[in-house]
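**Student:**
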Amino acid sequence: WCAVDGADVAGGDLAALLDPVEQPQHRYKLVPAHQLTNLPAVKWQIKKILPARDVCAIYGAPGAGKSFMALDMAAAIAEGRDWMGYRTKPAIVVYVVLEAANGFSGRLKAWQMHHGRQLPDTLKIISHTPLALSSAKDIQDLIAAIRAVVGDDHGGLVLFIDTLARAMGTYEENSNDDMGRVVAACDLLSKQLECTVA
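Going by our numbering, the first residue of the sequence shown is number 301, and it counts up by one from there.
#1: Sort Ala352, Asn338, Thr337 by Cα distance to Val344 and report the nearest one.
#2: Between Ile358 and Gln323, what straight-line distance do the alpha-carbon atoms span, to the nearest angstrom?
#3: Considering only residues of the same chain and omitting the five flanking positions on each side of Ile425, which have a CB-CB separation below 7 Å?
#4: Once DSSP output is grouped into helix, strand and coil, what is the label at Asp453?
#5: Gln499 lies in the beta strand (DSSP E); which residues open and close that run?
#6: Please give the ranges of any alpha helix (DSSP H) in the segment 330-418, keeping only runs that are unbroken, at least 4 residues long and fully inside the region.
#7: Can Cys495 and Leu459 be called in contact, C-beta distance under 7 Å?
#8: Starting from Ser490 and walking both ways along the alpha helix (DSSP H), at which residues does that stretch end?
#9: Locate the beta strand (DSSP E) running through Leu535, then write down its first and last residues.
#10: Hey, how far is the Cα of Thr422 from the Cα of Glu473?
#11: If we count Cβ pairs, one from each stretch, closer than 8 Å, do we get three or more for the segment 465-480 versus the segment 429-440?
#12: Can the beta-carbon of Ser490 be found less than 7 Å from the beta-carbon of Val355?
#13: If you reduce the DSSP assignment to three classes, tell me which class Leu431 lands in.
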């Protein structure tokens with residue numbers, strides 16, 4: 301005990317004194333840079349082109365052939381074949397067609413004619429159904445529909461959403477805040493389905 305301002309003060313609870321002081325938890329953690337050199341290497345769905353279990357975008361000028369390229373990538377992943385000389389990791393592919401679904405049928409036929417074979421059954425198409433990334437219900441319904449077909453233990457999944465403009469819902473394409481929300485929605489899809497979202 302000790303005297304403080306003329307009063308006797310006991311030392312308090314011995315157990316509390318012996319417990320280590322709990323450090324406050326901070327949202328941001330500073331780590332030495334060298335620790336980041338031990339992180340696992342990037343895993344690829346298409347080597348050096350399309351990462352696995354991540355969110356990415358295919359972008360270019362209107363009419364540049366983005367949808368044709370995305371379909372070709374999707375088919376290569378679904379077949380487990382190289383794409384443009386780059387190795388792919390085979391996976392189930394779900395392709396959400398939001399623009400010109402009837403015209404997309406022609407692209408599928410053209411792909412089959414060009415390659416001389418049928419598209420693989422591991423390439424699944426969702427068409428004629430609107431999807432708004434601004435709608436929590438649409439996102440949950442999409443997750444449920446995909447899980448119902450491919451299950452949780454799918455061994456690899458890639459989700460293509462074509463086009464972004466048609467998937468915006470109430471979000472504004474030219475708003476930085478809304479685009480941040482779109483990325484967050486795609487990130488949620490990626491985490492919930494353990495997949496790549498393009």
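In this text, a Cβ means the ideal position worked out from N, Cα and C, and glycines have one as well.
**Tutor:** With the structure as the only source:
#1: Looking at the sequence itself, residue 344 is Trp, so the reference to Val does not match. Checked all of Ala352, Asn338, Thr337; the closest Cα to Trp344 is Ala352.
#2: 44 Å
#3: Tyr395, Val397
#4: coil
#5: Since the first residue of the chain shown is 301 and the last is 498, residue 499 is not available in this structure.
#6: 366-379, 401-415
#7: yes
#8: 476-493
#9: Nothing can be reported for residue 535: it is not among the residues displayed for the chain, which extend from 301 to 498.
#10: 32 Å
#11: yes
#12: yes
#13: coil
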